[in-house]
Amino acid sequence: MKTFLHHPARWSRHALVAFSALWLVLAATPSPLLAATPTDEPDEFAVKPVSDPLEGLNRAIFKFNDGFYSFVLRPVAHGYERATPPPLRHGLTNFFDNLRFPIRLVGDVLAGRPKRAAQETGKFIVNTTVGFAGLARVSDSVPALKDVPPAGLGTAFAAWGIGPGPFLVLPVIGPNDVRDTVGYAGDVWLIPTNWAAFDHLDGYHWWWRTGIQTLDVVQSSPDFLKTYDDFLKSAVDPYLAVRNGYLQYREAAVKK
Amino acid sequence: MKTPSLLFLFTALAGTSFAAATASPSASATAPSPAAAAAKSADPTTMLRAAVDEVLAIAYPEKIAADSVAPAPLAERVRPVLEKYFSFDLLTRSAVGPGWNQIKANDQQRIITLFTTLVIRTYSDKFEPGARPGITYAKPVEIDAARRELPTAIAYAGKNYSVSYRVRQQPEGWRIYDVNVEGVSMVANYRAQFDPLFQKGGAAAIIAAIEKNIADYAAANK
Chain Y
1 MKTFLHHPAR WSRHALVAFS ALWLVLAATP SPLLAATPTD EPDEFAVKPV
51 SDPLEGLNRA IFKFNDGFYS FVLRPVAHGY ERATPPPLRH GLTNFFDNLR
101 FPIRLVGDVL AGRPKRAAQE TGKFIVNTTV GFAGLARVSD SVPALKDVPP
151 AGLGTAFAAW GIGPGPFLVL PVIGPNDVRD TVGYAGDVWL IPTNWAAFDH
201 LDGYHWWWRT GIQTLDVVQS SPDFLKTYDD FLKSAVDPYL AVRNGYLQYR
251 EAAVKK
Chain R
257 MKTPSLLFLF TALAGTSFAA ATASPSASAT APSPAAAAAK SADPTTMLRA
307 AVDEVLAIAY PEKIAADSVA PAPLAERVRP VLEKYFSFDL LTRSAVGPGW
357 NQIKANDQQR IITLFTTLVI RTYSDKFEPG ARPGITYAKP VEIDAARREL
407 PTAIAYAGKN YSVSYRVRQQ PEGWRIYDVN VEGVSMVANY RAQFDPLFQK
457 GGAAAIIAAI EKNIADYAAA NK
């Protein structure tokens, strides 16, 4: 597992101070911190401090979202799943993922990762041509184009050394942090279906765009709800489970 | 488009699909000898492969006899396999954390029993009917002399997931004590939930919370 320790180049003075402080605390504490592990090795699952100054509000929005997912999104997802065969659903998921290529390209370029930017470009070209406009993810069978880490403005900000900031629960969107909220808000404008340039095409109708955006939300709803439900079913405190899950996921994603 | 579209509404969790964990390990009670040998093997990857193969054999049987009676819930069928390859004792004490040693022995046992049920149920819920997941094993990473991280990649329903297992050398062989899906450690996730419960209400609060989860699930699946 890639840990902080495996990236000596990224060690900042800040981190060194934090590490030294942790070390001092561990050395000075008569071991209850370590008592849970069989030997006196460091506690690999120690709870990290979380910045959640808006926890009260966040929990209220979390509750609202839960209702929204149950009563609005779930019927939509069920209807969509009943109306479409799995191959079509996979194809549409691939199509909309391929359409988000500009987000990944800009993220990698801004983060100063030319190799990943080239891989993303290769993926886009292969999937758009051989993969029938992105419906088939043929790039997965090309070893060099498989497993390119996720990228967007949020990961670029992280690469510049910007921390996540406080945890947020956004209405409908769900868990987030301040850095990634700003990143997503920018990412939205990088999705081609949102580009104003298309408004000037001959024969353009506003409902084309609305229709394709609606389809995107609908096609993503079953996977989203599956993730959400899995988290909730296994949780003893759903809010804390989702908060911790999101923060762990993003921390791992920006370190890739 | 004049307003930020709904398109990005679902990106927040989009990468975290836990359908991946579907492909996790388990084993079958019906394959005793090679499995037992693998369980004692000195090689952690051999143990993990045996565990995964045994679980998949139960979750995705080659063929189902036409006259077979309705099978027991998957959680019950995979339990013997998971109990063989996971150290639920270590997993539970890691999930509870530093407070573990302050908990009375009978409460510790109660928490292990309840948490084992919760983890096995969560795990077996991730298996869905359909194509069998494809799994590739990467080189183990040494954490220290007694612990390894075993990264795997799972291809399932047209998507790829990274799932890695933490294993520890126990007297009976290598045993799994954490599963990490797309960067999210299961044990760390439960620790984040159990820790505040323990601070507020001790072992009783943890026991009550897991019991509530199990009862809610049973009620929802009647």
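Chains Y and R are the protein sequences, given in the same order. Residues 1 to 256 in the working numbering are what the first sequence spells out, letter by letter. Residues 257 to 478 in the working numbering are what the second sequence spells out, letter by letter. No residue lacks a Cβ here, since even glycine has one placed at the ideal position from N, Cα and C.
query                                                                                                                                                                                         : result
At 9 angstroms on the CB atoms, spell out the chain Y contacts of T378 of chain R, in chain order.                                                                                            : D230, K233 and S234
In chain Y, which residues lie with their C-beta within 7 angstroms of the C-beta of I466 of chain R?                                                                                         : V236
What does the Cβ neighbour count give for S350 of chain R, buried or exposed, with the cut at 16 atoms within 10 Å?                                                                           : buried
What residues match up with G458 of chain R in a beta bridge as DSSP calls it?                                                                                                                : Answer by DSSP bridge pairing: none, since G458 of chain R is not bridged.
What would DSSP say about K468 of chain R, mapped onto helix, strand or coil?                                                                                                                 : helix
Along the region 445–463 of chain R, what residues have a CB closer than 9 angstroms to any CB found in chain Y?                                                                              : N445, Y446, R447, A448, Q449, F450, D451, P452, L453 and I462
Tell me the rounded alpha-carbon separation between R250 of chain Y and D177 of chain Y.                                                                                                      : 9 angstroms
Between the C-alpha atoms of L26 of chain Y and R305 of chain R, what's the straight-line distance to the nearest angstrom?                                                                   : Any answer about L26 of chain Y is weak, because its pLDDT of 38 lies below 50 and its placement is not dependable; what the coordinates show is given next. Approximately 37 angstroms between the Cα atoms of the pair.
CB-CB under 7 angstroms to P300 of chain R, same chain, minus the five flanking residues each way: which ones, in chain order?                                                                : P396, R404, L406, V423 and W430
Check whether the region 46–53 of chain Y touches the region 157–177 of chain Y, taking contact to mean three or more Cβ pairs, one atom from each stretch, closer than 8 angstroms.          : yes
Provide the residue span of the alpha helix (DSSP H) that contains K415 of chain R, from first to last.                                                                                       : Element bounds for K415 of chain R: not the alpha helix (DSSP H) but the beta strand (DSSP E), K415 to Q426.
What are the boundary residues of the beta strand (DSSP E) that N176 of chain Y is part of?                                                                                                   : G174 to D177
What does a CB cutoff of less than 7 angstroms around L145 of chain Y pick up in its chain, not counting 5 residues either side in sequence?                                                  : Q119, G122, K123, V126 and S139
So what's P407 of chain R in DSSP terms, helix, strand or just coil?                                                                                                                          : strand
Between the alpha carbons of H200 of chain Y and W206 of chain Y, how many angstroms are there, rounded?                                                                                      : 11 angstroms
Check whether the region 181–200 of chain Y touches the region 89–101 of chain Y, counting contact only when three or more Cβ pairs, one atom from each stretch, lie closer than 8 angstroms. : yes
Measure the Cβ-Cβ separation of L170 of chain Y and Y69 of chain Y and say whether it is below 8 angstroms.                                                                                   : no
Output, in chain order, the set of chain R residues within a Cβ distance shorter than 8 angstroms of Q248 of chain Y.                                                                         : G439, V440, S441, A444 and N445
Under DSSP, the beta strand (DSSP E) around Y341 of chain R begins and ends at which residues?                                                                                                : First-last for Y341 of chain R: L330 to Y341, but that is the alpha helix (DSSP H), not the beta strand (DSSP E).
Under 7 angstroms Cβ to Cβ from A241 of chain Y, same chain only, skipping five residues before and after it: list those, please.                                                             : F231 and A235
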